[in-house]
Amino acid sequence: MAFLSYLINGLGLGSVYAIIALGYTMVYGIAKMLNFAHGDIIMVGAYVTYFALSLMKLPVLVSVLLAVAVSTLLGVTIERLAYKPLRHATSLSVLITAIGVSYFLQNGAQLLWGSSTKVFPSVISNGALTLGSISISYLTLLTIFVCLAVMGCLTLFINKTKTGMAMRACSEDKGAAALMGINVNQIISITFAIGSGLAAIAAFLLCATYPSVYPTLGSMPGIKAFTAAVFGGIGSIPGAF
């Protein structure tokens, strides 16, 4: 039974990485580029949530929504300023730019908020659900639920909405999609917006699990999530999970 408890807790942490991996896989599936600054958008989302909870004393849901809004705006800004001019550039140029954006965000965070680690406030009960000899923390249950909800909503969005179908068309053939009247640049921006918003949700769940915020927070989770996306077939949304 102890093994089952460890397995479920592992699924909780894996769910965080799955949400992060969605950002990588969606951008690659449509824009055919690897956004290595994605992990640092997680870091920005974590800082926004931290300040909203600690300094502004906002409710948890409002803090997370604020972080989602800021991260979404940041993701779209990065896409417009850094990646859009390189739409037809070589893969190496885009890769170097992504790494440069990553370092810019990390050092910008260090300049603005310092390099010291900040303690993320405890906002989720430390209690656990006990079923016989199996103990599952409420945080793990919340994380798994959020992951499944994100997966369900995103699947419905991709398959049932006009924008989602346009995203699928761009993923298959951007040239043909443009000929059919789809604004490819707008679809790519929407993709970055969704991925960045999900990064903020993942940031909250990650900091609730490991309550510390610092400028390189998103680096290691980003690498792990990217690895998961590659193993699952990068560009495939179900594969990210």
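Everything in the sequence shown is counted per this note's numbering, starting at 3 for the first residue and increasing by one. Glycine residues also receive a C-beta, built at the ideal position from the N, C-alpha and C atoms. What you are looking at is a predicted structure, and each value in this text was computed from that prediction instead of being measured.
Tell me, to the nearest whole angstrom, how far the beta carbon of residue i is from that of residue j; I am working on the premise that it is less than 8 Å.
i, j, result
"Tyr19", "Lys120", "No, Tyr19 and Lys120 are not in contact; Cβ-Cβ is about 22 Å, not under 8 Å."
"Ala91", "Leu68", "Not really, about 34 Å apart at Cβ, beyond 8 Å."
"Ala130", "Ile138", "6 Å"
"Val125", "Ala210", "7 Å"
"Asn185", "Lys86", "About 13 Å; that fails the 8 Å criterion."
"Ser173", "Arg82", "Not a contact, Cβ separation roughly 20 Å."
Would you decide whether residue i is buried or exposed? Buried here means 16 or more other CB atoms lie within 10 Å of its CB.
i, result
"Ser6", "Reading off the sequence, residue 6 comes out as Leu, not Ser. The residue is exposed, with fewer than 16 neighbouring Cβ atoms inside 10 Å."
"Phe122", "buried"
"Ser73", "buried"
"Lys176", "buried"
"Cys155", "exposed"
"Thr99", "buried"
"Leu181", "exposed"
"Met35", "buried"
"Val64", "exposed"
"Phe38", "buried"
Roughly how many angstroms separate the alpha carbons of residue i and residue j, rounded to a whole number?
i, j, result
"Tyr105", "Ile203", "22 Å"
"Ala168", "Ala179", "8 Å"
"Val215", "Ser118", "9 Å"
"Val232", "Leu113", "33 Å"
"Leu88", "Gly102", "14 Å"
"Ala171", "Gly235", "18 Å"
"Thr218", "Ala111", "9 Å"
"Gly25", "Leu143", "22 Å"
"Met222", "Val66", "22 Å"
"Thr145", "Trp115", "28 Å"
"Ile22", "Ser135", "32 Å"
"Gly12", "Leu141", "12 Å"
Just list the alpha helix (DSSP H) runs in the region 136-164, keeping only unbroken ones of 4 residues or longer that don't cross its boundaries, in chain order.
140-162
For the region 47-65 against the region 19-29, are there 3 or more C-beta pairs whose distance is under 8 Å?
no
Would the region 193-207 count as touching the region 70-83 if we require 3 or more Cβ pairs under 8 Å?
Of all C-beta pairs linking the region 193-207 to the region 70-83, three or more are shorter than 8 Å, placing the two stretches in contact.
Kindly provide the ranges of any alpha helix (DSSP H) runs that are 4 or more residues long and lie completely inside the region 8-86, ordered along the chain.
40-56 and 62-80
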